[in-house]
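Chemist:
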C-alpha cells in the first residue's frame, strides 16, 4: 500500500485526516457540504473548520471559498476515500473479528488509523477481505470469540 502522505505536498496531520474523512462522509450523505456540517460532525468550532479548510485548499485537496460549499478535488477524493477505507477496515476488524463493542471499535479505529504503519493497515485490510470472502469465516470467528470469553483474564 502506498503511503498517502508521499503523494502530498504537505503531510496530513491527524486532525487534517479527520477533516478529510468528515468531508468525505458528509459528501456521501448530501450533495453539499458546509462548514457547520463539518463542525457538528467533528464536534469542533466553525472557526477551527475554516482554518483546516484553508490548509486543505492550499494542498489542493478541496475547493472552498469563505461562506461557500466544500468540495473534494479529484486528488482529495482519492485521499479521503483511502482514509475512509482504512478506518472502516480497522473498525470492522475490531468490532466483527475481535468482538469489541461498536463504541469502543469506533474510538480505537480512529486512534489506530493515525498511528499504525501503512504496512500494518494493509495487512488488516487484506485479512478483513480474506475473512469477508471466506465462507468458513463465521465459524472461525465464533470459535475465537468463545475461546476469548473462556480465557478472559482481568
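In the working numbering, the protein residues as written are 622 to 775.
Cβ coordinates follow ideal geometry from the N, Cα and C atoms, glycine included.
Check for me: the alpha helix (DSSP H) holding residue 633 runs from which residue to which?
Modeler: Residue numbering aside, residue 633 sits at position 12 when the chain shown is read from its first letter. No alpha helix (DSSP H) contains residue 633, which DSSP labels as neither H nor E.
Chemist: State the Cα-Cα distance for the pair residue 716 and residue 726, rounded to the nearest angstrom.
Modeler: Taking the chain shown and counting its residues from 1, one reaches residue 716 at position 95. Taking the chain shown and counting its residues from 1, one reaches residue 726 at position 105. Roughly 6 Å between the two C-alpha positions.
Chemist: For my contact list, residue 654 and residue 647 are in at a C-beta cut-off of 8 Å; report their separation, rounded to the angstrom.
Modeler: Within the chain shown, numbered from 1, the residue matching residue 654 stands at position 33. Within the chain shown, numbered from 1, the residue matching residue 647 stands at position 26. Sure, about 5 Å apart at Cβ, within 8 Å.
Chemist: Quick one, which of 719, 738, 761, 659 has its alpha-carbon nearest residue 692's?
Modeler: Here residue 692 refers to the residue found at position 71 of the chain shown. It is 659.
Chemist: At the level of alpha carbons, what is the spacing between residue 635 and residue 746?
Modeler: Here the question's residue 635 lines up with position 14 in the chain shown. Here the question's residue 746 lines up with position 125 in the chain shown. If you take the alpha carbons of residue 635 and residue 746, they lie about 20 Å apart.
Chemist: For residue 693, which three-state DSSP category applies?
Modeler: For this step, residue 693 is matched to residue 72 along the chain shown. Residue 693: strand per DSSP, three-state reduction.
Chemist: For residue 686, which of helix, strand or coil comes out of DSSP?
Modeler: Residue mapping note: residue 686 aligns to position 65 of the chain shown, counting from 1. Coil.
Chemist: When you compare only the Cα positions, how much space is there between residue 696 and residue 719?
Modeler: For the purposes of this step, residue 696 is identified with residue 75 of the chain shown, where counting begins at 1. For the purposes of this step, residue 719 is identified with residue 98 of the chain shown, where counting begins at 1. Those two C-alpha atoms are separated by around 34 Å.
Chemist: Can you tell me whether DSSP reads residue 763 as helix, strand or coil?
Modeler: For this step, residue 763 is matched to residue 142 along the chain shown. In the structure shown, residue 763 sits in a helix (DSSP, three-state: H, G or I).
Chemist: In terms of alpha-carbon separation, which member of 686, 665, 666 lies closest to residue 675?
Modeler: Residue numbering aside, residue 675 sits at position 54 when the chain shown is read from its first letter. Closest by alpha carbon: 686.
Chemist: Can at least three beta-carbon pairs, one atom from the stretch 758 to 769 and one from the stretch 730 to 743, be found at a separation below 8 Å?
Modeler: No: the two stretches stay apart, fewer than three of their Cβ pairs being nearer than 8 Å.
Chemist: In whole angstroms, give me the CA-to-CA distance for residue 708 and residue 735.
Modeler: Stepping through the chain shown from its first residue, residue 708 is reached at position 87. Stepping through the chain shown from its first residue, residue 735 is reached at position 114. Taking the straight line from one Cα to the other gives about 9 Å.
Chemist: Considering only their Cβ atoms, is the gap separating residue 645 from residue 702 smaller than 8 Å?
Modeler: What you label residue 702 is simply residue 81 of the chain shown in a count that begins at 1. What you label residue 645 is simply residue 24 of the chain shown in a count that begins at 1. Their beta carbons are under 8 Å apart, which means residue 702 touches residue 645 by this criterion.
Chemist: Report buried or exposed for residue 773, applying the criterion of at least 16 other Cβ atoms within 10 angstroms of its Cβ.
Modeler: Here residue 773 refers to the residue found at position 152 of the chain shown. When all chains shown are included, residue 773 counts as exposed.
Chemist: Give a yes or no on whether the C-beta atoms belonging to residue 683 and residue 694 are separated by under 8 Å.
Modeler: Mapped onto the chain shown, residue 683 falls at position 62. Mapped onto the chain shown, residue 694 falls at position 73. Yes; because the gap between Cβ atoms is below 8 Å, this pair is in contact.
Chemist: With respect to the alpha helix (DSSP H) encompassing residue 748, which residues constitute its N-terminal and C-terminal limits?
Modeler: Here residue 748 is taken as the residue at index 127 of the chain shown, counted from 1. Run containing residue 748: 739 to 753, per the alpha helix (DSSP H) assignment.
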